[in-house]
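Asker: Here the sequence shown stands for residues 393 to 572, where the numbers follow this note's numbering. I have a structure I would like to understand better, so I am pasting it below and will then ask my questions one at a time.
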Amino acid sequence: MCVNVDYLFMPDGSIDAFVAHAKRLVAEHYPDLNGPDYTAMIVQPAFDRLVATLEDGKARGATVINLAPDQQLDARHRKLAPHIVLGVSDEMTIMKEEIFGPFLPIKPHRQAEEVIAYVNGHDRPLAFYPFTNDKRLVQRSITDILSGSVGVNEAIVQVGQHNLPFGGVGASGMGHYHGY
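Take a look at the structure:
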């Protein structure tokens, strides 16, 4: 989905705990990725593109973490396990193109300024999702980062709310539709 999370900034030092928690959640919610509750890529070129995206990251030094390491997926069904990708750089395909797959690149940060500078140093995002209970940081993020939409402590929900305008700014598209 075009408003899915493209990458996640996480406080330096929190990533290992996040990865461990994500592995537990995947095991709990998807004990069999080959079963009917876990989706597949609809066409082979999409599957091939995603495999190439992971390979590109590995070749450029990223750490690719399979969140379902004990499961063997059947490539004939075009299913890919969820992966977290660490040590990403802007030269990697995963950071240059929309993913449209079960991968989450994570970038560490120490201060909010790093996140704001990074996001503002790239094309305007279609959506931006700050997750924090710090109201000042939320307001600063909304004020300092220009994006098509913002969801605080949630992701993607704004698209389904047809009373809200939806659209982008800059490279993510100009204008909006539905809502006021």
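Cβ atoms here follow ideal geometry from the backbone N, Cα and C, with glycine treated the same way.
Could you say if the segment 440-456 and the segment 399-408 meet the contact criterion of at least three C-beta pairs nearer than 8 angstroms?
Answerer: No: the two stretches stay apart, fewer than three of their Cβ pairs being nearer than 8 angstroms.
Asker: What do you get for F495, buried or exposed, if any count of 16 or more other CB atoms within 10 angstroms of its CB means buried?
Answerer: Position 103 of the sequence shown holds residue 495. That one is buried.
Asker: Comparing alpha-carbon positions, which option in L465, P423, H475 lies nearest F410?
Answerer: Mapped onto the sequence shown, residue 410 falls at position 18. The candidate whose alpha carbon is nearest that of F410 is H475.
Asker: Beta-carbon within less than 7 angstroms of V544's beta-carbon, same chain only, minus the 5 sequence neighbours each way: which residues are those?
Answerer: Here the question's residue 544 lines up with position 152 in the sequence shown. Taken in chain order, the residues that qualify are P522, V530.
Asker: Specify the secondary structure class of H475 as computed by DSSP and reduced to three states.
Answerer: Locating residue 475 in the sequence shown gives position 83, where the first residue counts as 1. Of the three classes helix, strand and coil, the one that applies to H475 here is strand, per DSSP.
Asker: Identify, in the order they occur along the chain, each residue of the same chain with its Cβ nearer than 7 angstroms to the Cβ of V507, setting aside the five sequence neighbours on each side.
Answerer: Taking the sequence shown and counting its residues from 1, the one referred to as residue 507 is at position 115. Same-chain partners within the cutoff: F401, H501.
Asker: Measure from the alpha carbon of D408 to the alpha carbon of each residue in K499, N525, E447, then state which is nearest.
Answerer: Residue numbering aside, residue 408 sits at position 16 when the sequence shown is read from its first letter. Ranking K499, N525, E447 by Cα distance to D408 puts K499 first.
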